[in-house]
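Notes for the one structure printed next.
2 protein chains.
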Amino acid sequence: MARRPLTKPRKAASQERSRATVDALVEATARILVKEGFDKASTNRIAEVAGVSVGSLYQYFPGKEALVVSVIERHQQETMQTVRGELAEVLAQPVEKAVRTLIAVAVKAHRVDPKLHRVIAEQIPRVGKLEKVGTFSHENYMLFRTYLEGHRDELRVTDLELASFVCVTSIEALTHNAVLH
Amino acid sequence: MARRPLTKPRKAASQERSRATVDALVEATARILVKEGFDKASTNRIAEVAGVSVGSLYQYFPGKEALVVSVIERHQQETMQTVRGELAEVLAQPVEKAVRTLIAVAVKAHRVDPKLHRVIAEQIPRVGKLEKVGTFSHENYMLFRTYLEGHRDELRVTDLELASFVCVTSIEALTHNAVLH
DNA sequence: ACAGAATATGAGCGATTATTCGCTTTTGAT
DNA sequence: ATCAAAAGCGAATAATCGCTCATATTCTGT
Chain A
1 MARRPLTKPR KAASQERSRA TVDALVEATA RILVKEGFDK ASTNRIAEVA GVSVGSLYQY
61 FPGKEALVVS VIERHQQETM QTVRGELAEV LAQPVEKAVR TLIAVAVKAH RVDPKLHRVI
121 AEQIPRVGKL EKVGTFSHEN YMLFRTYLEG HRDELRVTDL ELASFVCVTS IEALTHNAVL
181 H
Chain B
182 MARRPLTKPR KAASQERSRA TVDALVEATA RILVKEGFDK ASTNRIAEVA GVSVGSLYQY
242 FPGKEALVVS VIERHQQETM QTVRGELAEV LAQPVEKAVR TLIAVAVKAH RVDPKLHRVI
302 AEQIPRVGKL EKVGTFSHEN YMLFRTYLEG HRDELRVTDL ELASFVCVTS IEALTHNAVL
362 H
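Chains A and B are the protein sequences, given in the same order. With our numbering as the guide, the letters of the first sequence map in order to residues 1 to 181. With our numbering as the guide, the letters of the second sequence map in order to residues 182 to 362.
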């Protein structure tokens, strides 16, 4: 009952060539998502656009969903990269200034790759393995909440939890819609 | 070149039995959307859950998208039904009171069928024929805007367009997230 | 009771999709 | 130069999907 060694090695890239393949696949997935939409992103199509065979795709990804997850994660990392600096500064700012910076940051984050962001936010069905992918909102909520705790004396509100919820949700929705429409 | 009469009669229900079939199909679609997600909603599956044959499905709906549109429209009508009254009262209220009523209305609207609402708002890909289905936001935006115009003298803001955008977007996002989590 | 219209059925066709596997090519270490 | 491991290939298989149509059942007016 020996398990097939040929089918197992999903996701293990040690040489440089293979890393390039993985990259090409993720990039192709993103391009298709943006230009043709989620349901046109079939495994065969992705491999074709990436200039790679389907077989190679399945050597590194267990399926289409895994590709999409990779795209989302890559986009989130890129976004954070361009925003991390400003986000650190906020901590030392008074609320008055902080909210303005945060809005600026939110806008900047949405501008990294608006089209991809839109697809991720509006077109990817949040089911199966896709629903587990952490959203921005939650991360932002935590950050904002700890900031408020550190500046509690500047505020009139007592329920920081509620305040965070209201602010993060509003800012997120506003910037999202503003940048996209 | 006679056109096939057998294929045409999509969507025409005169007897009661057929109306029940149509209802069962729409209901089944809604149930699948909520419990299994959009991409599990195949025509075969819908027919099966509805206790109807695929053939009957195609007698009344040209395809899966039409079913989904029906579900959305039915949900929007149901929502409006439970909210129409309060919405009419708002027009006569001063801003101070009006915003509170509007938020109450928004919450009530989201409570009609939260799970279905979520699927419609977050999971249905806005592509193809589905993207033409009018969203709530736009309708609400228009209503709110005309209200503001009627009460311009009570306000300090000049850009009613922007004010509407900010208010509608925020309220929508807040109630949506609040009811769901 | 009967005919024709309306409604329902489901096996099955063609297209598309995901996924596999035997095989070839490339790479890196010796 | 040699060879085993790593990476790559793509025709082939299997599953699923949307959809049709020949046929069967039910309804409705007379």
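For glycine and all other residues, C-beta sits at the position ideal for the given N, C-alpha and C.
| query | result |
| --- | --- |
| CB-CB under 8 Å to B/C348, same chain, minus the five flanking residues each way: which ones, in chain order? | V280, F325 |
| Please list, in chain order, the residues of the region 143-175 of chain A that have any C-beta partner in chain B closer than 8 Å. | F165, V166, T169, S170, E172, A173, L174 |
| Taking only beta-carbon positions, decide if A/F136 is within less than 8 Å of chain B. | no |
| Indicate whether B/I305 and B/F219 have their beta-carbon atoms separated by less than 8 Å. | yes |
| Using 8 Å for Cβ pairs, my map puts A/V52 next to A/L25. What's the rounded Cβ distance? | 6 Å |
| Can you give me, in chain order, the residues of the region 29-54 of chain A that have a beta carbon less than 8 Å from any beta carbon in chain B? | G37, F38, D39 |
| What residues of chain A sit near B/N358, judged by a beta carbon separation below 7 Å? | T169 |
| Using CA coordinates, which residue listed in B/Q257, B/A228, B/K216 is at the minimum distance from B/G244? | B/A228 |
| For B/V176, tell me which candidate among B/T202, B/V252, B/A201 has the shortest Cα-Cα distance. | One cannot answer for residue 176 of chain B here, as it falls past the ends of chain B, which runs 182 to 362. |
| So what's B/H319 in DSSP terms, helix, strand or just coil? | helix |
| With a cut-off of 8 Å on the beta carbons, I'd call B/V264 and B/K296 a contact; round off their distance for me. | Not a contact, Cβ separation roughly 18 Å. |
| Over what stretch of residues does the alpha helix (DSSP H) that includes A/S170 continue unbroken? | 160-180 |
| If you check the beta carbons only, do A/H176 and A/H110 fall under 8 Å apart? | yes |
| Please give me, in chain order, every unbroken run of the beta strand (DSSP E) with length at least 3 that falls completely inside the region 232-297 of chain B. | none |
| Could you tell me the boundaries of the alpha helix (DSSP H) in which B/A194 lies? | Premise fails: B/A194 is in no alpha helix (DSSP H) and is neither H nor E. |
| Does the Cβ-Cβ distance between B/H256 and B/D204 come in under 8 Å? | no |
| Between B/A420 and B/S199, what straight-line distance do the alpha-carbon atoms span, to the nearest angstrom? | Residue 420 of chain B falls outside the range modelled here, since chain B spans only 182 to 362, and no answer is possible. |
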